[in-house]
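In the working numbering, the protein residues as written are 48 to 202. The beta-carbon is built from N, C-alpha and C at its ideal position, and this holds for glycine as well. Since the structure is predicted, the reported quantities are computational estimates derived from the model, not experimental observations. Read through the structure below, which is laid out as structure tokens, and then see the notes.
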């Protein structure tokens, strides 16, 4: 028992001694091979049309899985870019877009045009290897993730 207390005390003393040491400077490898540069974004983000193939499928899946709805996006119109890199070059490059969408649902018995706001971000897709798309359909943001009226999905 006495040996355990001594080992614990020695480990505690050693840990506190290491914690009070100043941080060391970057090593030669880190300085010469760019290991401290951080993420290297090149700003190569596809146009607004690129994200359109993902939104209808994900929208329908979300509606069925979480809301028990049969709502679908049937058509896109008036696709346009709203902004590109609105917060400068030091943040993740994003292209913000807007489009009109025709949403249909047998549940509601109608089709209606509304807006979708979406962004395409560099390295925000699967495991950071591709572009990712985040989107919000006005009037269909049932959990208010981008409330009010998808304002938080815009720049």
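> Checking contacts by CB at 8 Å: is residue 128 closer than that to chain C?
Replying inline: No chain C appears in the structure shown, which is made up of a single protein chain.
> residue 135: buried (16+ other C-beta within 10 angstroms of its C-beta) or exposed?
Replying inline: exposed
> Which runs of the alpha helix (DSSP H) fall wholly inside the region 85-135 and span at least 4 residues, in chain order?
Replying inline: 102-114
> From what residue to what residue does the beta strand (DSSP E) around residue 146 run?
Replying inline: 141-152
>> Can you tell me whether residue 137 is helix, strand or coil according to DSSP?
In response: coil
>> If you measure between the beta carbons of residue 120 and residue 148, is that distance less than 8 Å?
In response: yes
> Do residue 125 and residue 159 have their CB atoms nearer than 8 Å?
Replying inline: no
> Looking at residue 150 and residue 118, is the spacing between their C-beta atoms short of 8 Å?
Replying inline: yes
> Alpha carbon to alpha carbon, what distance is there between residue 183 and residue 105?
Replying inline: 11 Å
>> Assuming the contact rule is C-beta atoms closer than 8 Å, residue 140 and residue 92 should be a hit. Round their C-beta distance to whole Å, please.
In response: 5 Å
>> Which same chain residues end up closer than 6 Å to residue 107 when comparing Cβ atoms and leaving out the 5 residues on each side of it in sequence?
In response: 119
> Among 198, 194, 196, 186, which one has its Cα closest to the Cα of residue 110?
Replying inline: 186
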